[in-house]
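Engineer: Numbering (the numbering used here), first residue to last: 1 to 192.
Ideal Cβ positions, reconstructed from N, Cα and C, are used throughout, including at glycine.
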């Protein structure tokens, strides 16, 4: 009997969707400045890579009347069909309209989660997606929490539950898969 661990799944462009969770004005104002700048910069990189590679994008806003709209830096880059789904539940999986948006791409069973806050909406959505049978990838450098200790704690927790904790550049280059991909140069420019 083999004692080799299960192979590590890679994030494949043809199977993926990008989910931008609650990257909103008032939430952003509560985040540590450096962590926020890194997370937003990486959200934009993945959003632009997704657009280049025709990977579907879904976005949400948690109670926008109180927490504001999606950050302009992110909102301005969203594809036209990625109007944020408003929600009050912490898990996107229990938000009205979310399941319909997610399942409109039935062959895409991998979801990359980015946004705010890691220890609330990101983890609850990751758990829900996993229960629905999706492979979940969380780039640690594209999420944030008000308290960095909460972010670190939840990354460890998700990793132990089978969520693929990764990073922005790994996701983008796993989506590409090969340097002969005709979109390779365009995506690689996002990381220079």
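(1) Residues in its own chain within less than 8 Å of residue 109 by CB, not counting five upstream and five downstream?
(2) Pick from 6, 73, 101: whose alpha carbon is nearest that of residue 18?
(3) Measuring alpha carbon to alpha carbon, tell me which of 28, 23, 34, 35 ends up nearest residue 47.
(4) Assuming residue 150 contacts residue 118 under a Cβ cut-off of 8 Å, what Cβ separation, rounded to an integer in Å, is found between them?
(5) Return the chain-ordered list of same chain residues with a C-beta closer than 8 Å to the C-beta of residue 66, the five sequence neighbours on each side being excluded.
(6) Under 8 Å, with one C-beta from each stretch per pair, do the region 138-155 and the region 34-44 reach the 3-pair mark?
(7) For residue 128 and residue 30, I'd like the C-alpha separation in whole angstroms.
(8) At 3 residues or longer, what runs of the beta strand (DSSP E) sit wholly inside the region 141-180?
(9) Does DSSP put residue 192 in a helix, in a strand, or in coil?
(10) Could you tell me the alpha carbon to alpha carbon distance between residue 167 and residue 87, rounded to whole angstroms?
(11) Answer with buried or exposed for residue 13, where buried requires no fewer than 16 other C-beta atoms within 10 angstroms of its C-beta.
(12) Considering just the uninterrupted stretch of the alpha helix (DSSP H) at residue 98, what are its terminal residues?
(13) For the beta strand (DSSP E) containing residue 55, list its first residue and its last residue.
(14) Let me check understanding here. Comparing Cα to Cα, which of 123, 51, 121 lies closest to residue 74?
(15) I'd like the span of the beta strand (DSSP E) that includes residue 139, first residue to last.
(16) Of the residues 145, 58, 81, which one's Cα is nearest the Cα of residue 99?
(17) Going by alpha carbons, who is nearest to residue 113 out of 5, 11, 33?
(18) Under a three-way DSSP split, which group does residue 69 fall into?
(19) If you check the beta carbons only, do residue 21 and residue 92 fall under 8 Å apart?
Structural biologist: On the basis of the coordinates in this document:
(1) Residue 109 sits at position 109 when you count from the first residue of the chain shown. So the qualifying residues of the chain are 15, 133, 134, 135.
(2) For the purposes of this step, residue 18 is taken as residue 18 along the chain shown, with counting starting at 1. Of 6, 73, 101, the residue nearest in Cα terms is 101.
(3) If you number the chain shown from 1, residue 47 lands on position 47. Of the candidates 28, 23, 34, 35, the one whose C-alpha sits nearest the C-alpha of residue 47 is 23.
(4) Numbered from its first residue, the chain shown carries residue 150 at position 150. Numbered from its first residue, the chain shown carries residue 118 at position 118. Rounded, the Cβ-Cβ distance is 7 Å, consistent with contact.
(5) As a first step, residue 66 is located in the chain shown; it is residue number 66 there, counting from the start. These residues qualify, in order along the chain: 26.
(6) yes
(7) Taking the first residue of the chain shown as position 1, residue 128 is located at position 128. Taking the first residue of the chain shown as position 1, residue 30 is located at position 30. Their Cα atoms are separated by approximately 26 Å.
(8) 164-166
(9) Indexing the chain shown from 1 puts residue 192 at position 192. Coil, per DSSP.
(10) As a first step, residue 167 must be located in the chain shown, where it is residue number 167. As a first step, residue 87 must be located in the chain shown, where it is residue number 87. For residue 167 and residue 87, the distance between alpha carbons rounds to 26 Å.
(11) As a working note, residue 13 is residue 13 in the chain shown. Classification of residue 13: buried, given that the 10 Å Cβ count is 16 or more.
(12) Residue 98 sits at position 98 when you count from the first residue of the chain shown. Taken as a continuous stretch (DSSP letters only), the alpha helix (DSSP H) holding residue 98 covers 98-103.
(13) As a position in the chain shown, residue 55 is number 55, starting the count at 1. Where residue 55 is concerned, there is no enclosing beta strand (DSSP E), given that its DSSP letter is neither H nor E.
(14) Locating residue 74 in the chain shown gives position 74, where the first residue counts as 1. Taking only the C-alpha atoms, the option nearest residue 74 is 51.
(15) Numbered from 1 along the chain shown, position 139 holds the residue referred to as residue 139. Where residue 139 is concerned, the enclosing beta strand (DSSP E) stretches over 135-139.
(16) Against the chain shown, residue 99 aligns to sequence position 99. Here the closest residue by C-alpha is 58.
(17) Along the chain shown, read from residue 1 onward, the residue named residue 113 stands at position 113. The shortest Cα separation from residue 113 among 5, 11, 33 belongs to 11.
(18) Within the chain shown, the letter at position 69 stands for residue 69. DSSP places residue 69 in coil when its eight states are reduced to three.
(19) Here residue 21 corresponds to residue number 21 of the chain shown, with the count starting at 1. Here residue 92 corresponds to residue number 92 of the chain shown, with the count starting at 1. In contact: residue 21 and residue 92 (Cβ atoms closer than 8 Å).
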